[in-house]
Structure formats: C-alpha cells, structure tokens
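One structure is given here, and the rest of the page talks about it.
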Amino acid sequence: MTQIYLSLGSNVNASENLRAALLALGSTYGALRCSAIYRTPAMGFAGQDFLNLVVGLDTSVLPVLVLDELRRLEARQGRHRGEARFADRTLDVDLLTYGDQISGTPPLPRADIEDYDFVLGPLAEIAGGEAHPVLGKTYAELWAAMGRDKAPLVRVEEAVEQAILSALTPSQEA
11 MTQIYLSLGS NVNASENLRA ALLALGSTYG ALRCSAIYRT PAMGFAGQDF
61 LNLVVGLDTS VLPVLVLDEL RRLEARQGRH RGEARFADRT LDVDLLTYGD
111 QISGTPPLPR ADIEDYDFVL GPLAEIAGGE AHPVLGKTYA ELWAAMGRDK
161 APLVRVEEAV EQAILSALTP SQEA
C-alpha cells in the first residue's frame with residue numbers, strides 16, 4: 011500500500027460537496043486521515059470563500075487510475091473540466107503526492123504544494139514529519155518557512171467541520 015495525499019476544495023455548496031467527496035473516498039479507499047477544514051478567500055476572481063482540507067489515505071491503485079477516479083468524483087459533484095482556472099468550483103480534488111514517487115504523468119508530486127497556504131498548511135498538519143519527494147524538506151519545515159504575509163488560514167466553525175466530517179464512519183477514520 012502507498013500513502014497518498016489529496017487536496018479538496020469547494021466554494022459552491024461547499025459543505026455538502028466536501029461531505030459527499032469524503033463519503034465517496036472513504037467508501038472507495040477505506041480509512042481517511044483528514045486535516046482540519048479551512049475557509050479561504052477565492053483567489054483570482056470574485057467568488058464565495060472556499061472550504062479546503064487535505065486527506066491522506068493508503069492505496070495500491072496506480073496513480074493514473076487514482077487520478078481518473080478523482081476526475082469522476084469531481085464530475086459527479088458537478089465539476090466541468092475546461093472551466094476557467096480561477097472560477098467557482100463545486101469540487102476540486104488534486105492528487106498531491108503518491109508516496110515518494112516522482113513522475114510526469116500524472117505530475118507527482120504536485121508542483122505547487124508549497125505555493126498555497128491552504129494546501130501546505132493542512133498537509134503539514136497531517137503529514138508534517140514527511141519529506142517532500144523533490145525538495146527533501148519536511149512539510150512542517152516548508153510550512154514554517156512559508157511567507158504568510160497574506161491573511162492567515164482560518165479554521166471553519168466546529169459545527170461546520172463536524173457536519174462535513176460526519177460523512178466518515180469510525181472505520182473510515184484513521
């Protein structure tokens with residue numbers, strides 16, 4: 011089994027879409043390790059705030075097939091590929107890492123992990139001691155070094171987080 015990390019985000023019916031995504035991922039892959047859920051402003055366009063989290067799971071499914079499943083999951087939640095890069099999203103799921111694999115198809119690890127606080131912060135939260143396969147630094151080190159001169163990450167209210175995470179049964183929580 012290989013440990014992988016996914017970034018999930020939504021700003022359209024975010025709680026419902028993230029809850030459905032977690033339910034589907036748990037059903038497909040089993041136990042999930044979830045970061046806290048954070049509210050972040052839309053970037054590059056005027057839109058509702060996003061809710062973001064990082065999920066860790068173990069799989070023996072090949073990376074390209076994981077990516078195919080993630081695209082199907084996005085489509086089931088109403089995501090249409092080909093939309094503008096910076097636009098509202100019913101669901102955005104990115105494959106961040108696949109163990110320590112470095113590859114071009116799919117691109118692993120995802121090249122912009124360290125560019126976005128809403129990705130790196132939650133990743134450091136659940137995988138802080140693990141090293142970035144290319145950079146060699148731990149996610150905690152990358153997070154500590156990140157220049158966070160913009161608005162800080164804001165954790166969602168506990169009731170919102172619990173409503174989303176309630177999709178996971180005890181056997182699906184790692």
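Following the working numbering, the numbering of the sequence shown begins with 11 at its first residue and continues without gaps. For glycine and all other residues, C-beta sits at the position ideal for the given N, C-alpha and C. This structure is a prediction, so every number in the text was calculated from the model and none was measured.
Uninterrupted alpha helix (DSSP H) stretches at least 4 residues long and entirely within the stretch 105-168 occur at 127-137, 149-155, given in chain order. By the criterion of a C-beta distance shorter than 6 Å, residue 132 is surrounded in its chain by 45, 63, 64, once the five residues flanking it on both sides are discounted. Residue 16 has 65, 105 as its beta-bridge partners, per DSSP. Straight through space, the alpha carbons of residue 24 and residue 57 are spaced by roughly 12 Å. Residue 50: not part of any alpha helix (DSSP H); member of the beta strand (DSSP E) spanning 48-50, first to last residue.
Under the 8 Å Cβ criterion, the stretch 13-21 counts as touching the stretch 96-107, having at least three qualifying pairs. The three-state secondary structure of residue 43, taken from DSSP, is strand. Using a Cβ distance threshold of 8 Å, residue 14 and residue 171 do not count as a contacting pair.
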